[in-house]
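J.: Residue numbers for the sequence shown follow this note's numbering, beginning at 774 and rising by one.
Here it is: the structure, laid out below.
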Amino acid sequence: MDTFQALVLDNIGDQKNLGVKQLSTNDLPDGEVTIKVAYSSVNYKDGLVGIKHQMVKSYPIIPGIDLSGTVLESTDERYKEGDEVIVTSYMLGTGHSGGFSEVARVPAEWVVPLPEGLSLKESMILGTAGLTAALSIVKLENIGLKPDDGPVLVAGATGGVGSIAVNMLAGRGYEVVASTGKTDQEDYLRRLGAKEIIHRNEIIDTDSRPTREKKWAAAIDPVGGKTLQYILSTLKYGGSVATCGLAGGVEVATTVIPFIARNINWLGIDSVMYPMEKRLEAWSRLGDDLKPSALNEEMVTEVSLTELPEVLGRILEGKVRGRTLVKL
């Protein structure tokens, strides 16, 4: 495939332009593995790159922090033509042209063989969002969380990480409380497995109290900001929150009181530079015991390359439900 289409963010005369272009393999960055992309997916970070022009190291760049596909050629002996693979995070789509392209070229060190139990499509319904949700649950359980400990809160529950986390937790036997600002999505969240749905305004800190009524055994928080402040003040004794996003802001005002008076744990989740050995384990589990039951059309919207700019704007506005898949 000498020529192909890609969504390109360019900077010409200080004017940013995002649009579909015809490229050749000579336009791709260096890397050992060239991939015919089957699917990519849309993440909040993709919106920050494509619309806000944040985290971009140089121009032009193809956004898209996720991709799955088939190896076209490889100079690394670990991969051969025809191998099915996935690539997520690292510098993909920020410092290195990414997945919104019919062909991609990446460093071999970023490549994950497609795990058993997942198709190329399912791997991108998961993507970085699914990996992040899985890492959050694994870290919470490694610190001792069990289903009989009590309710687990998922903030931003209709988003990518949130939707997958709700379904994944419910499948593991947890009582899931889902928080969302989308009042018309209650049925959707219940079908994913949520036992209770609350409005996001109910979990926003408005008075800077260090502790409140104890409510949650644990929480998964892709939101941050004042939502995280509230969660920290309402965890049960010994409870934990896995922080994995910043859609609600990066500043968090708290005190040591809930940490020492209630013995709580604030866990950071990174899927960008997560070590490959552990990354392979997580992806293997995503095809096995951590595989969500709802990798279906209800959670997924498919779009084309030409529709992407509009979708990237909508995800920043919180107007995207579940996962958006880009079929290449």
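All C-beta atoms in this analysis are idealised placements derived from N, C-alpha and C, irrespective of residue type, glycine included.
Out of 1003, 1047, 917, which one is the CA nearest neighbour of residue 986?
T.: By 1-based counting over the sequence shown, the position of residue 986 is 213. Of the listed residues, the one whose Cα sits closest to residue 986 is 1003.
J.: Under the assumption that residue 860 contacts residue 777 (Cβ atoms under 8 Å), give the Cβ distance between them as a whole number of angstroms.
T.: As a working note, residue 860 is residue 87 in the sequence shown. As a working note, residue 777 is residue 4 in the sequence shown. Not really, about 17 Å apart at Cβ, beyond 8 Å.
J.: From what residue to what residue does the alpha helix (DSSP H) around residue 1047 run?
T.: As a position in the sequence shown, residue 1047 is number 274, starting the count at 1. Note, residue 1047: premise wrong, no alpha helix (DSSP H); not H, not E.
J.: Tell me the start and end of each unbroken alpha helix (DSSP H) in the segment 923-956 that is at least 4 residues and wholly inside, in chain order.
T.: Listed in chain order, the complete alpha helix (DSSP H) runs (minimum 4 residues) inside the segment 923-956 are 933-944.
J.: Could you give the first and the last residue of the continuous beta strand (DSSP E) run that contains residue 852?
T.: Position 79 of the sequence shown, counted from the start, is the residue given in the question as residue 852. Looking at the DSSP string, residue 852 is not in any beta strand (DSSP E), and its letter there is neither H nor E.
J.: Using CA atoms only, rank isn't needed, just tell me which of 977, 1094, 1021, 1068 is closest to residue 898.
T.: Counting from 1 along the sequence shown, the entry for residue 898 is found at position 125. Among 977, 1094, 1021, 1068, the Cα nearest to that of residue 898 is on 1068.
J.: According to DSSP, is residue 898 part of a helix, a strand, or is it coil?
T.: Locating residue 898 in the sequence shown gives position 125, counting from the first residue. Helix, per DSSP.
J.: By how many angstroms is the C-alpha of residue 1016 removed from the C-alpha of residue 1093?
T.: Position 320 of the sequence shown, counting from 1, holds the residue named residue 1093. Position 243 of the sequence shown, counting from 1, holds the residue named residue 1016. Distance between the alpha carbons of residue 1093 and residue 1016 is about 21 Å.
J.: Near residue 748, what residues of its chain come up, given a Cβ to Cβ distance below 7 Å and the 5 sequence neighbours on each side ignored?
T.: Lying outside 774 to 1101, the shown extent of the chain, residue 748 is not represented and no answer is given.
J.: Cα separation between residue 794 and residue 1098?
T.: Numbered from 1 along the sequence shown, position 21 holds the residue referred to as residue 794. Numbered from 1 along the sequence shown, position 325 holds the residue referred to as residue 1098. If I take the Cα positions, the gap works out to 20 Å.
J.: Measure the beta-carbon distance from residue 990 to residue 1031 and round it to whole angstroms, keeping in mind my assumption that it falls under 8 Å.
T.: Taking the first residue of the sequence shown as 1, we reach residue 990 at position 217. Taking the first residue of the sequence shown as 1, we reach residue 1031 at position 258. Wrong, their Cβ atoms sit about 14 Å apart, outside the cutoff.
J.: Can you tell me whether residue 1084 is buried or exposed? The criterion is at least 16 other CB atoms within 10 Å of its CB, across all chains shown.
T.: Taking the sequence shown and counting its residues from 1, the one referred to as residue 1084 is at position 311. Buried.
J.: Run through DSSP, which three-state label would residue 1030 get?
T.: Here the question's residue 1030 lines up with position 257 in the sequence shown. In the structure shown, residue 1030 sits in a helix (DSSP, three-state: H, G or I).
J.: So, using beta-carbon positions, are residue 881 and residue 805 closer together than 8 Å?
T.: By 1-based counting over the sequence shown, the position of residue 881 is 108. By 1-based counting over the sequence shown, the position of residue 805 is 32. The answer is yes: Cβ separation under 8 Å.
J.: With respect to the alpha helix (DSSP H) encompassing residue 1004, which residues constitute its N-terminal and C-terminal limits?
T.: The residue labelled residue 1004 in the question sits at position 231 within the sequence shown. Segment 998-1007, the alpha helix (DSSP H) holding residue 1004.
J.: Would residue 1029 pass as a contact of residue 998 if the rule is Cβ separation under 8 Å?
T.: Counted from its first residue, the sequence shown places residue 1029 at position 256. Counted from its first residue, the sequence shown places residue 998 at position 225. No, Cβ-Cβ distance for residue 1029 and residue 998 is not below 8 Å.
J.: What are the boundary residues of the alpha helix (DSSP H) that residue 1093 is part of?
T.: Position 320 of the sequence shown, counting from 1, holds the residue named residue 1093. Premise fails: residue 1093 is in no alpha helix (DSSP H) and is neither H nor E.
J.: Could one say the Cβ of residue 881 lies closer than 8 Å to chain D's Cβ atoms, at least one of them?
T.: The displayed structure is made up of one protein chain only, and chain D is not part of it.
J.: If you draw a straight line from the alpha carbon of residue 1071 to that of residue 935, how long is it in whole angstroms?
T.: Counting from 1 along the sequence shown, the entry for residue 1071 is found at position 298. Counting from 1 along the sequence shown, the entry for residue 935 is found at position 162. Distance between the alpha carbons of residue 1071 and residue 935 is about 14 Å.
J.: So, is residue 841 buried or exposed, given that buried needs 16 or more other C-beta atoms within 10 angstroms?
T.: Within the sequence shown, the letter at position 68 stands for residue 841. It is buried - the Cβ of residue 841 has at least 16 other Cβ atoms within 10 Å.
J.: According to DSSP, is residue 964 part of a helix, a strand, or is it coil?
T.: Walking along the sequence shown from the start, residue 964 turns up at place 191. Helix.
J.: Measuring CB to CB, does residue 930 end up less than 8 Å from residue 953?
T.: Walking along the sequence shown from the start, residue 930 turns up at place 157. Walking along the sequence shown from the start, residue 953 turns up at place 180. Result yes, Cβ atoms of residue 930 and residue 953 sit closer than 8 Å.
J.: Spell out a yes or no on whether the segment 816-826 and the segment 862-871 are touching, meaning 3 or more CB-CB pairs, one atom from each, closer than 8 Å.
T.: With a cut-off of 8 Å, the segment 862-871 and the segment 816-826 count as touching, because enough Cβ pairs lie within range.
J.: Restricting to Cα atoms, I'd like to know which of 852, 879, 919, 933 is closest to residue 1020.
T.: As a first step, residue 1020 is located in the sequence shown; it is residue number 247 there, counting from the start. Checking every option, the nearest Cα to that of residue 1020 belongs to 933.
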